[in-house]
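Student: Structure incoming, see below.
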DNA sequence: GAGAAAAGTCAACAAGCGTTGAATTCTGGA
DNA sequence: TCCAGAATTCAACGCTTGTTGACTTTTCTC
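Here it is, written out as structure tokens:
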């Protein structure tokens, strides 16, 4: 087995880039472990030592590759909400589409740990909260700007965020039984009309 | 001044209970400092030492009175949502009433640090999350049980929680500009119809 | 005013943290 | 086979944390 791995690494070195170099493989292992720990524990409780242990390497190696815990966090959280192009979607379907996309991004085909990391850490870490506000401003408000009257984009986007982040909070972090135990489709059916109203409905 | 204080304490001891005994006054000072620190920093980042410093006493005294950090937290967080009696309220006003009460509980006349403590800490601390689930089950679901068909209470309560906690999350913790900078009344007007629908509206 | 009890302080502990630089092992090319 | 350089480990640093027990000071009772 060691021999097989050796050959494989050798292959990796010669083909250059198709396979990853050894250092890049451990870098990726560190990033993977970091994402899982940050997602499960939040920034403060996740320690360099526990991340290194999960990646089966020495803590010092983490510093060698990522300089500091903060820099590791920044590298681990490269947020892309992957918001779909909504231009061709009928206006009355926008709420359902966005809600389903959001759930899919958290627990479906598009899911990874990044959103969990961001939300869990933003609550106690002002820098991460800053990051989340940036993501929000750049990605959500931008999409909404094309749908809503200019003056209303930020307001409507914030309302959408309050419902969708509230959904994530109660379903994934707090796991309230009334919402965490139901199917993705059922929850989406309940929430979608709210999002629809925030996107396109009349507001007082 | 010292003399005056001494007289005041003397008075406290003789009238028994109208004024607080010295130990109960420092106990209260510790609790106050603890609530503020827990609210601002969350359970993990708030330290016994910083709480003691804010109360101008020695860290060891905190242990003397509250045994451990966990026990101090439990004492500091005695949650009462102060949910109003909704029995006399017209059904169509329930959403607005509940939404306004919630905002009032966070930032108005009924506000204290307890909800902030609970939410901020529940996100990274499973025990606190447990506590929040209990509060939710005992207080919110109980009120809803009298308004909704038996089988729907938990589901509707969770939907209400997803919107109202989402509001608290985006307004008080993340402070998204589109929702944190607006007036209480404006936000209530946007959110109330959603809550109304979750409480009494038709769900698919 | 003496003595007991309560209130509060002090110094230290063991453990965990992020971080560092020197020492060691591994590995691909001459 | 040997060696340079990359990859990795080791041991330690300074700091903060919750917690403890011995000590001193304040306060109340007789």
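Chains as they are written, first to last, in our numbering: chain A, 1 to 204; chain B, 1001 to 1204. Note that CB positions come from ideal geometry on N, CA and C, so glycine has one too. Computed from a predicted model, the values in this text were never measured in an experiment.
#1: Measure the CB-CB distance between residue 1103 of chain B and residue 1188 of chain B and report whether it falls below 8 Å.
#2: What residues in the region 1031-1044 of chain B have a beta carbon less than 8 Å from any beta carbon of chain A?
#3: Applying a beta-carbon distance threshold of less than 9 Å, which residues of chain B neighbour residue 151 of chain A?
#4: Applying a beta-carbon distance threshold of less than 7 Å, which residues of chain A neighbour residue 1170 of chain B?
#5: Consider the C-beta atom of residue 94 of chain A and the heavy atoms of the ligand PLP; say whether any pair is separated by less than 7 Å.
#6: Between B/1098, B/1124 and B/1046, which lies nearest to residue 1035 of chain B when the distance is taken from Cα to Cα?
#7: Buried or exposed: residue 205 of chain A, going by 16 or more other Cβ atoms within 10 Å of its Cβ?
#8: By the three-class DSSP mapping on this structure, what secondary structure does residue 104 of chain A have?
#9: Of all the residues that make up the region 103-129 of chain A, which are near chain B by a beta-carbon distance shorter than 7 Å?
#10: Could you pull the start and end residues of the alpha helix (DSSP H) that residue 25 of chain A belongs to?
#11: Would you kindly check if the distance between the Cβ of residue 61 of chain A and the Cβ of residue 26 of chain A is under 8 Å?
#12: Comparing the C-beta of residue 1179 of chain B with each C-beta of chain A, is any distance below 8 Å?
#13: If you reduce the DSSP assignment to three classes, tell me which class residue 94 of chain A lands in.
#14: According to DSSP, is residue 1131 of chain B part of a helix, a strand, or is it coil?
#15: Along chain A, which residues have their Cβ under 7 Å away from the Cβ of residue 1155 of chain B?
#16: Can you find a CB in chain A that lies within less than 8 Å of the CB of residue 1200 of chain B?
#17: With DSSP run on the structure shown, which of helix, strand or coil describes residue 59 of chain A?
#18: Strictly under 8 Å for the Cβ-Cβ distance: is residue 8 of chain A near chain B by that measure?
#19: Would you say residue 1133 of chain B faces chain A, with C-beta separation under 8 Å as the test?
#20: With a 10 Å radius around its C-beta and 16 neighbouring C-beta atoms as the bar for buried, classify residue 1202 of chain B as buried or exposed.
#21: Kindly indicate if chain A contains any beta-carbon less than 8 Å away from that of residue 1078 of chain B.
#22: Is there a C-beta anywhere in chain A that falls below 8 Å from the one on residue 1073 of chain B?
Tutor: Well, looking at it:
#1: Numbered from 1 along the second chain, position 103 holds the residue referred to as residue 1103 of chain B. Numbered from 1 along the second chain, position 188 holds the residue referred to as residue 1188 of chain B. With respect to the 8 Å criterion, residue 1103 of chain B and residue 1188 of chain B are classified as neighbours on the basis of their beta carbons.
#2: 1041, 1042 and 1044
#3: Along the first chain, one-based indexing puts residue 151 of chain A at 151. Going along chain B, no residue has its Cβ under 9 Å from residue 151 of chain A, so there is no contact; the nearest lies around 11 Å.
#4: On the second chain, residue 1170 of chain B is found 170 positions in, with the first residue counted as 1. Correct list: 158, 161, 162 and 165.
#5: Absent from the structure shown: the ligand PLP. Ligands present: none.
#6: As a position in the second chain, residue 1035 of chain B is number 35, starting the count at 1. The shortest C-alpha separation from residue 1035 of chain B is found at B/1046.
#7: The structure shown does not extend to residue 205 of chain A, since chain A is modelled only from 1 to 204, so the question has no answer here.
#8: Here residue 104 of chain A refers to the residue found at position 104 when the first chain is read from its first residue. Looking at residue 104 of chain A - three-state DSSP - the assignment turns out to be helix.
#9: For the region 103-129 of chain A, which is checked against every Cβ of chain B, the residues closer than 7 Å are 120, 122, 123, 124 and 129.
#10: Here residue 25 of chain A corresponds to residue number 25 of the first chain, with the count starting at 1. Here the alpha helix (DSSP H) through residue 25 of chain A covers 22-45.
#11: As a first step, residue 26 of chain A must be located in the first chain, where it is residue number 26. As a first step, residue 61 of chain A must be located in the first chain, where it is residue number 61. The answer is yes: Cβ separation under 8 Å.
#12: Numbered from 1 along the second chain, position 179 holds the residue referred to as residue 1179 of chain B. Closer than 8 Å: yes.
#13: As a first step, residue 94 of chain A is located in the first chain; it is residue number 94 there, counting from the start. Taken through DSSP and simplified to helix, strand or coil, residue 94 of chain A comes out as helix.
#14: Counting from one through the second chain, the residue named residue 1131 of chain B turns up at place 131. The answer is helix: DSSP assigns residue 1131 of chain B an H, G or I state.
#15: Here residue 1155 of chain B is taken as the residue at index 155 of the second chain, counted from 1. Those within 7 Å of residue 1155 of chain B in chain A are 178.
#16: The count along the second chain starts at 1 and reaches residue 1200 of chain B at position 200. Chain A places no beta carbon closer than 8 Å to that of residue 1200 of chain B, leaving this residue out of the contacts.
#17: Within the first chain, the letter at position 59 stands for residue 59 of chain A. Looking at residue 59 of chain A - three-state DSSP - the assignment turns out to be helix.
#18: Working through the first chain from its first residue, we reach residue 8 of chain A at position 8. Note that residue 8 of chain A has pLDDT 33, beneath the 50 cutoff, so the model's placement of it is unreliable and no number is given.
#19: In the second chain, counting from the first residue as 1, residue 1133 of chain B sits at position 133. Yes, residue 1133 of chain B lies at the interface with chain A (some Cβ there is under 8 Å from its Cβ).
#20: Here residue 1202 of chain B refers to the residue found at position 202 of the second chain. The residue in question, residue 1202 of chain B, is exposed, as its Cβ has fewer than 16 Cβ neighbours within 10 Å.
#21: The residue labelled residue 1078 of chain B in the question sits at position 78 within the second chain. No - not a single Cβ of chain A is within 8 Å of the one on residue 1078 of chain B.
#22: Numbered from 1 along the second chain, position 73 holds the residue referred to as residue 1073 of chain B. It does not: the Cβ of residue 1073 of chain B has no partner Cβ on chain A nearer than 8 Å.
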